[in-house]
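Quick note on this note's numbering: the sequence shown kicks off at 6 and runs consecutively. Just so you know, even glycine gets a beta-carbon here, dropped at the ideal spot from N, CA and C.
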Amino acid sequence: MEHQETDRDLKRKIEKLEEELLRARESARESEERYRALFDRSFYGVFIMDLEGRILDVNDIGLKMLGYRREHLGDLNFWNLISEDQAAAAAKAREEVLRTGLQESTAEYRFKCRDGGHIWVEATSTVIYRGGHPYAVQGIARDITERKRAEDELRSSEERFRSLIQNASDIIVILSGDGLFSYESPSVERIFQYPAGYLIGKSPLEFIHPDDVPTIQRELDDVYRIHNDGQPTEFRMRRFDGSWIHLEAIGKNLIDFPGINGLVITARDITERKKTEEALRQSEERYRSILDNMQEAYYEVDLKGNFTFFNTVAMARLGYTDEEMQGMNFHRIVDHQNARKVFETYHRVFTTGKPVTGFDWEVINKSGGRLPVAASVSLKYDAQGKPVGFSGVVRDITERKKTEEALRQSEERYRSILDNMQEAYYEVDLKGNFTFFNLPTMASLGYTVEEMQGMNYRRFADEENAQKLFEVYHRVFATGKAVTGFEWDATNKNGEKIPAEASVSLKYDAAGNPIGFKGIVRDISERRKAQDALRRSEEKYRNILESIHEAYIELDLAGNLVFFNDPCCRMLGYDRHELMGMSYRVFISPEAHQRMYEAFRNIYETGAPAFLMDYDVLRKDGSKRTHEMSASLIRDASGKPVGFRAVGRDITDRKRAEENLRQSEERFREMARLMPDTIYEADEKGVLTFVNEAAFDKFRYSRDDFSGGLNCIDMLAPEDRDRGMKNFVKVLSGEHVGLTEYIARRKDGGTFPILMHSTVIIRNGTPAGVRGFIIDISDKKILEEQLIRAQKMEAIGTLAGGIAHDFNNLLMGVLGNVSLMLLNMDSSHPFYDRLKNVEEYVHQGSELTKQFLGFARGGKYEVKPTHLGDFVHRSSEMFGRTKKEIRIHRKVQEGLWAVEVDRNQMEQVMLNLFVNAWQAMPGGGDLYLSTENIELRDSDATPLGVEPGRFVRVSVTDTGVGMDDSVRARIFEPFFTTKGKGRGTGLGLASVYGIVKNHRGFVTVESRKGAGATFTIYLPASDKPAQEEQRISAEAPKGRETILLIDDEKMVLEVGSEMLKRLGYEVLTASGGRAGIETYRSNRDCIHLVVLDMIMPDLGGSETFDGLLDIDPNVKVLLSSGYSLVGQAREIMEKGCRGFIQKPFGIHDLAEKIRKILDGG
6 MEHQETDRDL
16 KRKIEKLEEE
26 LLRARESARE
36 SEERYRALFD
46 RSFYGVFIMD
56 LEGRILDVND
66 IGLKMLGYRR
76 EHLGDLNFWN
86 LISEDQAAAA
96 AKAREEVLRT
106 GLQESTAEYR
116 FKCRDGGHIW
126 VEATSTVIYR
136 GGHPYAVQGI
146 ARDITERKRA
156 EDELRSSEER
166 FRSLIQNASD
176 IIVILSGDGL
186 FSYESPSVER
196 IFQYPAGYLI
206 GKSPLEFIHP
216 DDVPTIQREL
226 DDVYRIHNDG
236 QPTEFRMRRF
246 DGSWIHLEAI
256 GKNLIDFPGI
266 NGLVITARDI
276 TERKKTEEAL
286 RQSEERYRSI
296 LDNMQEAYYE
306 VDLKGNFTFF
316 NTVAMARLGY
326 TDEEMQGMNF
336 HRIVDHQNAR
346 KVFETYHRVF
356 TTGKPVTGFD
366 WEVINKSGGR
376 LPVAASVSLK
386 YDAQGKPVGF
396 SGVVRDITER
406 KKTEEALRQS
416 EERYRSILDN
426 MQEAYYEVDL
436 KGNFTFFNLP
446 TMASLGYTVE
456 EMQGMNYRRF
466 ADEENAQKLF
476 EVYHRVFATG
486 KAVTGFEWDA
496 TNKNGEKIPA
506 EASVSLKYDA
516 AGNPIGFKGI
526 VRDISERRKA
536 QDALRRSEEK
546 YRNILESIHE
556 AYIELDLAGN
566 LVFFNDPCCR
576 MLGYDRHELM
586 GMSYRVFISP
596 EAHQRMYEAF
606 RNIYETGAPA
616 FLMDYDVLRK
626 DGSKRTHEMS
636 ASLIRDASGK
646 PVGFRAVGRD
656 ITDRKRAEEN
666 LRQSEERFRE
676 MARLMPDTIY
686 EADEKGVLTF
696 VNEAAFDKFR
706 YSRDDFSGGL
716 NCIDMLAPED
726 RDRGMKNFVK
736 VLSGEHVGLT
746 EYIARRKDGG
756 TFPILMHSTV
766 IIRNGTPAGV
776 RGFIIDISDK
786 KILEEQLIRA
796 QKMEAIGTLA
806 GGIAHDFNNL
816 LMGVLGNVSL
826 MLLNMDSSHP
836 FYDRLKNVEE
846 YVHQGSELTK
856 QFLGFARGGK
866 YEVKPTHLGD
876 FVHRSSEMFG
886 RTKKEIRIHR
896 KVQEGLWAVE
906 VDRNQMEQVM
916 LNLFVNAWQA
926 MPGGGDLYLS
936 TENIELRDSD
946 ATPLGVEPGR
956 FVRVSVTDTG
966 VGMDDSVRAR
976 IFEPFFTTKG
986 KGRGTGLGLA
996 SVYGIVKNHR
1006 GFVTVESRKG
1016 AGATFTIYLP
1026 ASDKPAQEEQ
1036 RISAEAPKGR
1046 ETILLIDDEK
1056 MVLEVGSEML
1066 KRLGYEVLTA
1076 SGGRAGIETY
1086 RSNRDCIHLV
1096 VLDMIMPDLG
1106 GSETFDGLLD
1116 IDPNVKVLLS
1126 SGYSLVGQAR
1136 EIMEKGCRGF
1146 IQKPFGIHDL
1156 AEKIRKILDG
1166 G
């Protein structure tokens, strides 16, 4: 009895310890998870170092700061990273932290990066204890490199500006808020000779000249009151010796600026400038007196021709006052012709830099009178030698101009006689050099006066004509008799020959001595041309008639041919002698006789020609051609009609082409009408000139809207119109734009996405508009959104799959240990029920991982051909027994095809859909289930992203609350739920989507708010017959063979090894793929089976399996993974792996799988 009491106490203590242990482990796990989350998500670098400085762990921010990757972690040491000059201080701080256990105060360190660069960090460190003793040091570091750089730059900037102020030549002072000096720069002492600090605390008005005090007081008041920057102000201020200096100062209000809190005044000593200005004023007065007493006008203008200076003579000549002339442009005093002359002169002076003297021009005074002047101009420069204007002297030359005019009129009368002659008059000396000539001479030869003066006659005559001229001149000189009417060819400046008729006589001086020749030359080019033209005309028209492709005919009034060319014979197929005298009725088709007769009669009666008449011609060989003819009346010299002339051409091919074009246009018009996409044309302003039928449907405009001048840019949404107009201009200019996406706008204001492609329309070599097509891509956008949603699901699924894999490894350890404990325990044992509960919890945890793997599309474990009708019936029966308020209606097609599915996963799919329907009908309702066979064609399958073929369709319809479009678009997203807190995880429909997708099927949903929802599942049909579910033996089969267990998880190795030993097997273990290969290589003769983990860090399951095959091609391998039998696992199975077992697994499942492989099943 005492022993039993002790045993009960022991059990209670054990149970209490177990509870406390579980709580402690859970607390530790939660704490570790929180720490790891903080560690990984910290904004600062977090480093874990042992007491020797070796870095044991670091978060991603820390690695990124130093430029290292995680695989470098084993090589990092704190003392190698820190700058050498900081090592001693850091070591001392580390010793203090270890001694006191307190957190190190913030310190700044310079760390060396992997690329050789350095960064500055601000760090603190604390001690991590294990078992009450210091175990490691945690450091938290923040990158302050940019801050350090900014501090260095600020320090340099302050030193630089301090140096500038200390060495500035200008005066800098600060007046406090009460108007007293609070700061003076060193230049104050240098310029005013006051002792340093003398001005501090004094008012500036004490030192300012009394006459300037009111101005300065007013300026200071404005700056203080309005807070504006002051204006540059000149004033006088007293020096220490009592003398006055001139200053120019400006103030800036910085009352509210920390560290200044006053008015900053910058001043410059301008005393020397004031002296220079006074000297310049006196000099200008002297020179002004000289200029005003000159007889000539003196002026200065800027580079634009505006007067900047002038003397009194200039004002007197022009009649303007000083105020009127100041700034006046020279164009005001000249007409257009003289303005051009003055501009050219100024331009020459500006470009050459050389002055011009004595050029004449006319000015217009204020009263409008004209004044002839002679002027000189030179360039005016500033102090740097840069041209700034012009200066000059102008002289009145009115009297000189009168004398020159009288002489000009005398010469002009003589010149006018010669220049108005039709003939050229010339004079040459005895050597043949021109000494005088009139304008027609220059005009005929093309030379200027300067070029002809002194030119020898041989320059405008070739060798033959020069010899002819020489002989004539020689005869005239020898005989003294004039020669008239001799012809020769002159050569003008362009090398052209000019036929000429000339007369030559001798020219004498006052003493009667021959000094040259004179004569008159007449251009006879026109006479020569007329003669040549007549000859050429006869030849030309003869050749034209024979060379043209058109037929030319002449008929008498009776319609008989009296003249025709060779093309006429060829076009009609007759010889020349056959056509002569033939009536036109012979070769005109009978249908055209009357029409041709009426046309000729109308020409005869009206005298008006007829143009482009079409008619059919019968050739000599009987063939019919279509001709086009224009005809007119022929009159004799007295104007009497004597016949007709006509020109005809064969237009048969053109007519055929026009007919083909008409048919082509009709064909393409019909194609445009039938096109589902919009085709359009627009003019150069964007106004639509053509659209096909699709435009009316897509944009909802009527024909009247388009014909009313609708602009294609107005058919875009407002936000796209600017971009559309820019692209329209680019296309119109010939630039290639390509397919462009826009948002289009319908007449009713609705919008939809489009793709537009346009090209320029060229007419007569000029852009006349654009044409193109518009594609409605609304459906494409929907598919893109579906693709993005699918990719999002894929990414979340990958994350969920990783979590499920790691969780399965943990569950493997728990389930394995429980299985081992239950092997030696019957139901009467006091811990048996607890262990069975643990086993059930593990299975529930495993179901949760299947949920994760479900929406990760990685949840197929054991696929078997299944009859969905029976399956749906059983699962709905079970659900209906628990939810009495739901009425279930089933419709199952006879002869339903089998599908290959993981039955557990499909049970999860159906249960999730039933639960979703139940939650949508909180007050109860009807649930309709149907299954049927269906075949999807290419057009049906492609939009759904599946291969066409046979499918089994399962529909689940509820009468619940339904959903709107925004909810329906997101229902398959993981963790999305519309239910209240605690009523859903958001994984149910996500796992439905993932599982069905993983079975190469797809899910659709139809719903409206308040009208229930229908979920439809499509699964590919199988040709295999459905299999019945098999029961598994309750006895775990055992064996005595040797098994190699390869896994990187220590817990899995320990538990798995113990499970195998309990089953009677000899066990070898290897931690990782490389070790597993070496173990197998050393013990291959005694190893009967390898249990291989798929995911390992050093060498993955696939690579490890390849290594085992290299050693033994017949090796037997059972693949184990927390993932399902897809992807990489499926690839390993296809290489020859004998079996697959899903983690977590119990000892019974493991025993069955092993015996099935070893026994050849």
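Suppose you measure from the CA of residue i to the CA of residue j; what does that come to, to the nearest Å?
i, j, result
"Leu384", "Arg345", "18 Å"
"Leu68", "Arg147", "12 Å"
"Asn311", "Asp216", "38 Å"
"Tyr386", "Asp246", "41 Å"
"Lys865", "Leu1155", "The predicted position of Lys865 is uncertain, since its pLDDT is 46 and thus under 50; a value taken from the coordinates is nonetheless stated next. Approximately 18 Å, taken between the alpha carbons."
"Lys1174", "Asp963", "Past the edges of the chain, shown from 6 to 1166, lies residue 1174, and the structure says nothing about it."
"Gly106", "Arg99", "10 Å"
"Lys1161", "Glu1046", "13 Å"
"Gly987", "Asp157", "Caution is warranted here: a pLDDT of 48 is assigned to Gly987, below 50, making its placement in the model unreliable, and the coordinate value is therefore given only provisionally. Taking the straight line joining both Cα atoms gives about 56 Å."
"Phe860", "Arg975", "Only weak support exists for where Phe860 lies, its pLDDT of 47 falling under 50; the coordinates are left without a value."
"His872", "Val961", "17 Å"
"Gly1144", "Asn938", "33 Å"
"Leu1163", "Glu1054", "25 Å"
"Ala388", "Thr350", "24 Å"
"Thr887", "Ile1146", "33 Å"
Relative to the alpha-carbon of residue i, which residue among the options has its alpha-carbon at the smallest distance?
i, options, result
"Asn461", "Asn438, Met447, His479, Val775", "Asn438"
"Asn518", "Arg464, Asp434, Ala722, Gly358", "Asp434"
"Arg661", "Phe491, Thr631, Ala92, Glu127", "Thr631"
"Glu1083", "Ile1116, Ala563, Ala471, Arg768", "Ile1116"
"Asn697", "Leu86, Arg708, Ile782, Thr887", "Arg708"
"Lys1066", "Met1099, Leu1049, Val920", "Leu1049"
"His894", "Leu901, Gly900, Gly885", "Gly885"
"Gly373", "Glu409, Gln414, Gly324", "Gly324"
Residue i and residue j: beta carbons closer than 8 Å?
i, j, result
"Thr936", "Val951", "no"
"Leu61", "Cys118", "no"
"Gly1078", "Arg1013", "no"
"Val339", "Val382", "no"
"Leu1094", "Gly1106", "no"
"Leu268", "Tyr229", "yes"
"Arg606", "Leu577", "no"
"Trp493", "Leu511", "no"
"Ser187", "Leu180", "yes"
For residue i, is the beta carbon positioned less than 7 Å from some heavy atom of the ligand ADP?
i, result
"Ala556", "The model on display carries no ligand, and the ligand ADP is accordingly not part of it."
Leaving out the 5 sequence neighbours to the left and right, which residues in its chain are closer than 6 Å to residue i when beta-carbon positions are compared?
i, result
"Leu715", "Leu693"
"Arg776", "Glu686, Ile766"
Using a Cβ-Cβ cut-off of 7 Å (strictly less than) and excluding sequence neighbours within five positions of residue i, which residues of its own chain qualify?
i, result
"Arg862", "Below a pLDDT of 50, predicted positions are generally treated as unreliable, and Arg862, at 44, falls in that range; no measurement from the model is reported."
"Gly332", "Asn311, Phe312"
Would you mind giving the Cβ-Cβ distance between residue i and residue j, rounded to the nearest angstrom? I have them listed as a contact below 8 Å.
i, j, result
"Val652", "Ile639", "Val652 to Ile639, Cβ: 13 Å. No contact."
"Val904", "Pro758", "Actually they do not touch by this definition, with Cβ atoms about 38 Å apart."
"Arg241", "Ile250", "7 Å"
"Leu376", "Arg322", "7 Å"
"Ile1100", "Ala1075", "15 Å between Cβ atoms; not a contact."
Please tell me whether residue i has its Cβ less than 8 Å away from any Cβ of chain B.
i, result
"Phe52", "Given the protein chain composition of this structure (a single chain), no chain B is represented."
Beta-carbon within less than 8 Å of residue i's beta-carbon, same chain only, minus the 5 sequence neighbours each way: which residues are those?
i, result
"Ser763", "Asn732, Phe733, Val736, Val742, Val775, Arg776, Gly777"
"Asp1175", "This structure leaves residue 1175 out entirely; the chain is present only between 6 and 1166."
"Asn917", "Gly993, Leu994, Ser996, Val997"
"Val481", "Ala487, Val488, Val509, Ser510, Leu511, Phe522"
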